[in-house]
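Everything on this sheet refers to the single structure shown next.
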Amino acid sequence: MDAARLKLAVQKAGRLTDPSLDLLVRCGLKLSRGKDQLVGYGENMPLDVLFVRDDDIPDLVQEDVCDLGLLGLNVLEEKRLEFAARGGAARFMPVRRLDFGRCRLSLAIPTEASWQGVDSLRGKRIATTYPFLLERFLREREVTAHIVTLAGAVEIAPRLKRADLICDLVASGATLEANHLREVETVLECHAVLVRTPLILPPEKEDWVQRLLMRIDGVQQVRESKYIMLHAPRSALPEIARLLPGSESPTIIPLEGSPDRVAVHAVCRENVFWETLERLKQAGASALLVLPVEKMLA
Ligand code: PRT
Ligand code: ZN
Numbered sequence: 002m003d004a005a006r007l008k009l010a011v012q013k014a015g016r017l018t019d020p021s022l023d024l025l026v027r028c029g030l031k032l033s034r035g036k037d038q039l040v041g042y043g044e045n046m047p048l049d050v051l052f053v054r055d056d057d058i059p060d061l062v063q064e065d066v067c068d069l070g071l072l073g074l075n076v077l078e079e080k081r082l083e084f085a086a087r088g089g090a091a092r093f094m095p096v097r098r099l100d101f102g103r104c105r106l107s108l109a110i111p112t113e114a115s116w117q118g119v120d121s122l123r124g125k126r127i128a129t130t131y132p133f134l135l136e137r138f139l140r141e142r143e144v145t146a147h148i149v150t151l152a153g154a155v156e157i158a159p160r161l162k163r164a165d166l167i168c169d170l171v172a173s174g175a176t177l178e179a180n181h182l183r184e185v186e187t188v189l190e191c192h193a194v195l196v197r198t199p200l201i202l203p204p205e206k207e208d209w210v211q212r213l214l215m216r217i218d219g220v221q222q223v224r225e226s227k228y229i230m231l232h233a234p235r236s237a238l239p240e241i242a243r244l245l246p247g248s249e250s251p252t253i254i255p256l257e258g259s260p261d262r263v264a265v266h267a268v269c270r271e272n273v274f275w276e277t278l279e280r281l282k283q284a285g286a287s288a289l290l291v292l293p294v295e296k297m298l299a
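Everything in the sequence shown is counted per the numbering used here, starting at 2 for the first residue and increasing by one.
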């Protein structure tokens, strides 16, 4: 592989694969990748994408095989704690929090079991694939319990009597429900992150890292942003400006034939919910229109 090109590790086949590739495409990357190929070649950037298992991403950055990686905070933090427990230090740094891969590492108990807070964990067997994160959680709360480390299928451990409860990732909660478990405590709120090597890279490579970071910021900002248009009485403008979520000074346009009413156009840097539209309407706004934003450059 060409040492002058950036190497970015992405999950090969899993929950993070599509959103990771979507982010890179939105950042302008054109990737040529044959079916089943493990490396994608960036045609318009000096950047290659390695497709791997998410658990291998921290090691690839640690060992300088990759300069960058996209992975879940859960995997990142677990690896960091594992390195620390072995007396080493992690050599991968989170540089961006990403707006996908949201879930939480949570404790869940059999539906019928009682729960009086973390004290209920004392002496219990907890099944997990995240022993280091769970160990830290228990230590910080001064609770002694038995951690049962499993490679997968954690949610069936209580039924198989291998554990009393579990510590696993939860998104919608449907898996817990299907396994007669209920979530009782969050151990870690998770989302995808971009990590990089702490090494000082050659200037051309570093330059591309910075450009990529800037484009990621732009993409994420636009995803949250909406363009909103409405008509309003002039007298209601202060109230309307207050209600517009995360907008800078809106554009006010006179309306032909209605001296008391104006059109208001604004970019809102937060999502616009129905509740906001309802409040704007109550404040006197009409003809409300919310549009997605395609690209933005401040
Ligand atoms: O093969 P590889 O090792 O690369 O993949 P993997 O099986 O380890 O990971 P994968 O693809 O399942 O998840 C990758 C990352 O996505 C995780 O490390 C998290 O950061 C993130 N993520 C987001 C999730 C979920 N949401 C999620 N729901 N990871 C796992 N789940 C599991 C959850 O534990 C449950 O078993 O999906 C199931 C469905 O969840 P519910 O709550 O919606 O029912
Ligand atoms: Zn994995």
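Beta carbons are placed, not taken as given, at the ideal position from N, Cα and C, and that holds for glycine.
Just mark ILE127 as buried or exposed, buried being the case when its beta carbon has 16 or more other beta carbons within 10 Å.
Here residue 127 refers to the residue found at position 126 when the sequence shown is read from its first residue. With 16 or more other Cβ atoms within 10 Å, it is buried.
Counting by C-beta, which residues lie closer than 5 Å to a heavy atom of ligand 2, in chain order?
Working through the chain, the matches are ASP55, ASP56.
With three or more beta-carbon pairs closer than 8 Å as the criterion, would you say the segment 73-84 touches the segment 211-220?
Three or more Cβ pairs closer than 8 Å define a contact, and the segment 73-84 falls short of that threshold against the segment 211-220.
Whole beta strand (DSSP E) runs in the segment 228-276 with 3 or more residues, listed along the chain?
Those beta strand (DSSP E) runs which fall completely within the segment 228-276 and span 3+ residues are 252-256, 259-269.
Could you check whether the Cβ of ASN45 sits closer than 7 Å to any heavy atom belonging to ligand 1?
As a position in the sequence shown, residue 45 is number 44, starting the count at 1. ASN45 Cβ: outside cutoff for every heavy atom of ligand 1.
Going straight from the alpha carbon of SER303 to that of ASP261, what length do you get?
The requested residue 303 is not part of the displayed model; the chain covers only 2 to 299.
Residue burial classification, ASN272 (beta-carbon count within 10 angstroms, cutoff 16):
Your numbering for residue 272 matches position 271 in the sequence shown. Counting other Cβ atoms within 10 Å of its Cβ, ASN272 stays below 16 and is therefore classed as exposed.
Compare the beta carbon distance of CYS104 and CYS191 with 8 Å and say whether it is the shorter of the two.
Locating residue 104 in the sequence shown gives position 103, where the first residue counts as 1. Locating residue 191 in the sequence shown gives position 190, where the first residue counts as 1. For CYS104 and CYS191, yes; Cβs fall inside 8 Å.
Please give the ranges of any beta strand (DSSP E) in the segment 119-186, keeping only runs that are unbroken, at least 3 residues long and fully inside the region.
Fully enclosed beta strand (DSSP E) runs of 3 or longer: 126-129, 147-150, 166-171.
Extent of the continuous alpha helix (DSSP H) run through ARG27:
Counting from 1 along the sequence shown, the entry for residue 27 is found at position 26. Per DSSP, ARG27 belongs to the alpha helix (DSSP H) from 18-27.
Between which two residues does the beta strand (DSSP E) harbouring LEU200 extend?
On the sequence shown, position 199 is the one that residue 200 refers to. Counting along the chain, LEU200 sits inside no beta strand (DSSP E), nor does DSSP assign it H or E at all.
Could you name the residues that DSSP lists as bridge partners for ARG97?
Position 96 of the sequence shown, counted from the first residue, corresponds to residue 97. DSSP output for ARG97 lists LEU195 as bridge partner(s).
How would you call ASP57, buried or exposed, if buried means at least 16 neighbouring beta carbons within 10 angstroms?
As a first step, residue 57 is located in the sequence shown; it is residue number 56 there, counting from the start. Buried, by the Cβ-count rule.
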